[in-house]
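Note sheet for the following structure.
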Amino acid sequence: MPELPSVKETALAWESLFRCQVTIMRRLQQLPEFKELSMREYDVLFNLRRAPQCGLRLGDLNESLLLSQPSLSRMIDRLVARGLVVRQQDPSDHRAILITLTGAGAEVQRRIGRAHVRHINEVLGGALDAEQLEQLRALTTALSQSVAEEQG
């Protein structure tokens, strides 16, 4: 059985992971595609794009984001006003409201997403080779799964 890491080793690894993410996110936020929508707004559209066709309840959408529920609700209001998402009654529970992409929202998400993926490829692909990218994916997947299992 492998030796457990020290508190210092885990703290250093966490700090490195966090700083890396901050550095990359700051660079990506400067890109032209995020002049039209903020990265957080894009993240909402991205998550709705991956959702079932009927959409997501606000609470379910919020599980994939780093926003408070009131902040997300205000953002949804802004996205509704821009015609990118709609609120509609949940057909399986008429008391609940689903958030879904409009056609315009799906088009904006696709367009920005294509540019975003190209820029991510430039940043990550310019720094890591294919084997390192696979290792990174495996490590981050293992971390995510471990935390999810702990939450139960």
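Residue numbering for the sequence shown follows my numbering, beginning at 138 and increasing consecutively. Glycine is no exception: its CB is placed at the ideal position from the N, C-alpha and C atoms. Bear in mind the structure is a predicted one, so any value in this text is a computation, not a measurement.
Asked, Found
"Straight-line gap, P169 to R215 (C-alpha atoms, nearest Å)", "20 Å"
"Cβ pair D227, L235 closer than 8 Å", "yes"
"Cut-off 6 Å between Cβ atoms - residues of its own chain near L182, not counting five sequence neighbours on either side", "G242, Q246"
"Buried versus exposed call for N258 [16 or more other C-beta atoms within 10 Å across all chains shown]", "exposed"
"Cβ-Cβ separation, G192 to L202 (assumed contact under 8 Å), whole Å", "Incorrect: roughly 15 Å between the Cβ atoms, too far for contact."
"Continuous beta strand (DSSP E) stretch holding Q225: start and end", "222 to 227"
"Same chain only: Cβ atoms within 7 Å of N199, ignoring 5 sequence neighbours per side", "Q206, L209"
"Straight-line gap, F155 to M162 (C-alpha atoms, nearest Å)", "11 Å"
"Terminal residues of the beta strand (DSSP E) in which A233 lies", "230 to 238"
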